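Protein chains: 2
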Amino acid sequence: MSVVDLSKLAYPENNLRSFLDSVCETHELDYAAYAGMNPIAQSVHGVVNYPDAWQTRYVEQGFQTRDPVLTTAARSIAPVDWQRMRGDEAFKTVFREAHDFGIAEQGLTIPVRGPFGDVGLFSVTRNCSDDEWSKLKSKILGELQNAAVHLHDHVVHSHELTRVLSHPSLSSREVEILQWIAAGKTQQDVADILNISNRTVEVHLRSGRSKLGALTTSQAVGRAIGLGLVYPL
Amino acid sequence: MSVVDLSKLAYPENNLRSFLDSVCETHELDYAAYAGMNPIAQSVHGVVNYPDAWQTRYVEQGFQTRDPVLTTAARSIAPVDWQRMRGDEAFKTVFREAHDFGIAEQGLTIPVRGPFGDVGLFSVTRNCSDDEWSKLKSKILGELQNAAVHLHDHVVHSHELTRVLSHPSLSSREVEILQWIAAGKTQQDVADILNISNRTVEVHLRSGRSKLGALTTSQAVGRAIGLGLVYPL
DNA sequence: TTCCCCATACGGGATTTCCCCAATAGCATC
DNA sequence: GATGCTATTGGGGAAATCCCGTATGGGGAA
Numbered sequence: 002m003s004v005v006d007l008s009k010l011a012y013p014e015n016n017l018r019s020f021l022d023s024v025c026e027t028h029e030l031d032y033a034a035y036a037g038m039n040p041i042a043q044s045v046h047g048v049v050n051y052p053d054a055w056q057t058r059y060v061e062q063g064f065q066t067r068d069p070v071l072t073t074a075a076r077s078i079a080p081v082d083w084q085r086m087r088g089d090e091a092f093k094t095v096f097r098e099a100h101d102f103g104i105a106e107q108g109l110t111i112p113v114r115g116p117f118g119d120v121g122l123f124s125v126t127r128n129c130s131d132d133e134w135s136k137l138k139s140k141i142l143g144e145l146q147n148a149a150v151h152l153h154d155h156v157v158h159s160h161e162l163t164r165v166l167s168h169p170s171l172s173s174r175e176v177e178i179l180q181w182i183a184a185g186k187t188q189q190d191v192a193d194i195l196n197i198s199n200r201t202v203e204v205h206l207r208s209g210r211s212k213l214g215a216l217t218t219s220q221a222v223g224r225a226i227g228l229g230l231v232y233p234l
Numbered sequence: 002m003s004v005v006d007l008s009k010l011a012y013p014e015n016n017l018r019s020f021l022d023s024v025c026e027t028h029e030l031d032y033a034a035y036a037g038m039n040p041i042a043q044s045v046h047g048v049v050n051y052p053d054a055w056q057t058r059y060v061e062q063g064f065q066t067r068d069p070v071l072t073t074a075a076r077s078i079a080p081v082d083w084q085r086m087r088g089d090e091a092f093k094t095v096f097r098e099a100h101d102f103g104i105a106e107q108g109l110t111i112p113v114r115g116p117f118g119d120v121g122l123f124s125v126t127r128n129c130s131d132d133e134w135s136k137l138k139s140k141i142l143g144e145l146q147n148a149a150v151h152l153h154d155h156v157v158h159s160h161e162l163t164r165v166l167s168h169p170s171l172s173s174r175e176v177e178i179l180q181w182i183a184a185g186k187t188q189q190d191v192a193d194i195l196n197i198s199n200r201t202v203e204v205h206l207r208s209g210r211s212k213l214g215a216l217t218t219s220q221a222v223g224r225a226i227g228l229g230l231v232y233p234l
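Protein chains in written order, with our numbering: chain A, 2 to 234; chain B, 2 to 234.
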């Protein structure tokens, strides 16, 4: 899982770091972070406005792969308030260190998902009492949701050109046949259904595997599902 | 794709229809609608507070399968303002009819996605000028985002018990081996990796297929991904 | 003790998939 | 016309998967 620091990329009109800064300023937050995950590309894209020293420490410790905040939020529909995780040992481990860098335990992470399995995790943090946090949160949660959605949308669409260039373009026949395979049909079944030869089915599957970068048809099914090209049935 | 009307199910503590009504009342909207899609179950769950006559007409015309608002929002990360779609012929077709039932063209649809491919589409509509709509929207969008997320979360978790009861329980070995298969390894590869015989790999795959109700291993991979048991790699 | 699930393994053989090669035809674009 | 993509089809054969049955042993619950 490679980590790509988005703040290092050139975005002439927009600067994600300053977006995070403005969210913090508007809502009186300490820090904000965005992590975008693309399960197919196995990459994590991130931009944060945390202290540099904490960023370095975080990556050194490999927290991005075992931060319970990220793993929990990645499985959640609704925002995850960090308070929920105070009993978690891994959370304690991360925040024992984070404290030394001035990062508070008071925060929340908002997951946003796109149609191709991509996930954006937008986190904000503020050093304050539980009472203050509760009040602040209910006041700004809607705006944070909004910010999270648009940030993730922006990141995904900023990569759209790259995605189009790297996004496999399966022909409609290839997709159709993969869908039948995902539904449990054999190649001969699919040939019968579509009134073509099973040799033709084989050709389309091979082409589809190649475009998806899959070694086996099972892997191709998985990747196509991850890309939203076909559905599990 | 079966259509399940959630307002007809018994929810003693919560009533989704009154949730929609309260959102409309709070934000001075005319109507609200929620449509949840579960690709595994191939079902659409919906609850609306539109006039009954329009609901009947909508289903009669089969609009749920070709409403451009739904199809566009299902592909979007960010909320979709219906203004964007006024040039679309299918949109015009739907709203030519909707007008007769008092449904305005001024509205938006918010997509929310869960970790298992589920999608919730939350729509609201208000009969007003473009100016008024623009003002109202920017004022309430955050709260609507919030409402959308929690509504979808609620629906998904209301079905959680059912899901647990029907959720296949794969052994850790079965999951592990399916993950390797999803990663493109052959059975022999997996046997080498795990230092077991390929006959054992075969046994676990067969068991896994049986539990997942899959006819082929490719289908099992797909279903396991859909259930969040393994990931596309 | 019995039962169930899990993990491990095998026999024998049928079926299916996949590899690598070949080909034609239609359509769109430059 | 040349090129690229799509859809269609086939030969020959190796590799892999799958079917249906068998077995042992460990651990946990009733």
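C-beta: ideal position from N, C-alpha, C; glycine also. Remember, it's a predicted structure, so these values are computed and weren't measured experimentally.
Between residue i and residue j, which are expected to be in contact by the criterion C-beta below 8 Å, what is the C-beta distance as a whole number of angstroms?
| i | j | result |
| --- | --- | --- |
| arginine 224 (chain B) | histidine 205 (chain B) | Not really, about 16 Å apart at Cβ, beyond 8 Å. |
| histidine 46 (chain B) | valine 125 (chain B) | So it is not a contact: roughly 18 Å between Cβ atoms. |
| leucine 234 (chain B) | alanine 184 (chain B) | 4 Å |
| arginine 58 (chain A) | glutamate 98 (chain A) | 6 Å |
On the DSSP letters alone, give me the boundaries of the beta strand (DSSP E) that residue i sits inside.
| i | result |
| --- | --- |
| valine 24 (chain B) | Unbroken run through valine 24 (chain B) is the alpha helix (DSSP H), 17 to 28; no beta strand (DSSP E). |
| serine 124 (chain A) | 120 to 126 |
| isoleucine 104 (chain B) | From DSSP, isoleucine 104 (chain B) is part of no beta strand (DSSP E); its letter is neither H nor E. |
Rounded to whole angstroms, what is the Cα-Cα separation between residue i and residue j?
| i | j | result |
| --- | --- | --- |
| aspartate 131 (chain B) | leucine 21 (chain B) | 23 Å |
| glycine 143 (chain B) | alanine 149 (chain A) | 10 Å |
| arginine 85 (chain A) | glutamine 180 (chain B) | 30 Å |
| leucine 122 (chain B) | threonine 110 (chain B) | 6 Å |
| isoleucine 41 (chain A) | leucine 145 (chain A) | Model confidence at isoleucine 41 (chain A) stands at a pLDDT of 49, short of 50, so the residue's coordinates are unreliable; what they give is reported in the following sentence. One C-alpha to the other measures close to 27 Å. |
| arginine 114 (chain B) | isoleucine 78 (chain A) | 7 Å |
| threonine 187 (chain B) | aspartate 31 (chain A) | 49 Å |
| valine 202 (chain A) | alanine 192 (chain B) | 29 Å |
| histidine 28 (chain B) | asparagine 16 (chain A) | 33 Å |
| isoleucine 194 (chain A) | arginine 207 (chain A) | 19 Å |
| isoleucine 104 (chain A) | serine 135 (chain B) | 38 Å |
| serine 211 (chain B) | leucine 228 (chain A) | 26 Å |
| aspartate 71 (chain A) | glutamine 65 (chain A) | A quick correction: the sequence has leucine, not aspartate, at residue 71 (chain A). Those two C-alpha atoms are separated by around 8 Å. |
| valine 81 (chain A) | isoleucine 178 (chain B) | 31 Å |
| valine 176 (chain A) | tryptophan 83 (chain B) | 30 Å |
| tyrosine 232 (chain A) | cysteine 129 (chain A) | 45 Å |
| glycine 108 (chain A) | glycine 108 (chain B) | 33 Å |
| arginine 67 (chain B) | leucine 137 (chain B) | 28 Å |
| glutamate 133 (chain A) | asparagine 147 (chain B) | 20 Å |
| glutamate 26 (chain B) | histidine 100 (chain A) | 44 Å |
Tell me whether the beta-carbon of residue i lies closer than 7 Å to the beta-carbon of residue j.
| i | j | result |
| --- | --- | --- |
| isoleucine 226 (chain A) | serine 219 (chain B) | no |
| valine 48 (chain A) | tyrosine 35 (chain A) | yes |
| leucine 213 (chain A) | alanine 221 (chain A) | yes |
| asparagine 196 (chain A) | glutamine 189 (chain A) | no |
| leucine 171 (chain B) | glycine 118 (chain B) | no |
| proline 69 (chain B) | aspartate 89 (chain B) | yes |
| phenylalanine 92 (chain A) | tryptophan 55 (chain A) | no |
| alanine 74 (chain B) | asparagine 50 (chain B) | no |
| proline 116 (chain A) | arginine 76 (chain B) | yes |
| valine 120 (chain B) | methionine 38 (chain B) | yes |
For the alpha helix (DSSP H) holding residue i, just list the boundary residues, first then last.
| i | result |
| --- | --- |
| glycine 209 (chain A) | 199 to 213 |
| valine 231 (chain A) | It is not in any alpha helix (DSSP H) - valine 231 (chain A) carries neither H nor E in the DSSP assignment. |
| proline 69 (chain B) | 69 to 74 |
| glycine 143 (chain A) | 131 to 159 |
| threonine 195 (chain B) | The question names threonine, yet the displayed sequence has leucine at residue 195 (chain B). Unbroken alpha helix (DSSP H) run through leucine 195 (chain B): 188 to 195. |
| tryptophan 55 (chain A) | 53 to 61 |
| serine 173 (chain A) | 173 to 183 |
Using the rule of at least 16 other Cβ atoms within 10 Å of the residue's Cβ for burial, across every protein chain shown, is residue i buried or exposed?
| i | result |
| --- | --- |
| histidine 153 (chain A) | buried |
| lysine 140 (chain B) | exposed |
| glycine 63 (chain B) | exposed |
| arginine 127 (chain B) | buried |
| serine 19 (chain B) | exposed |
| valine 60 (chain A) | exposed |
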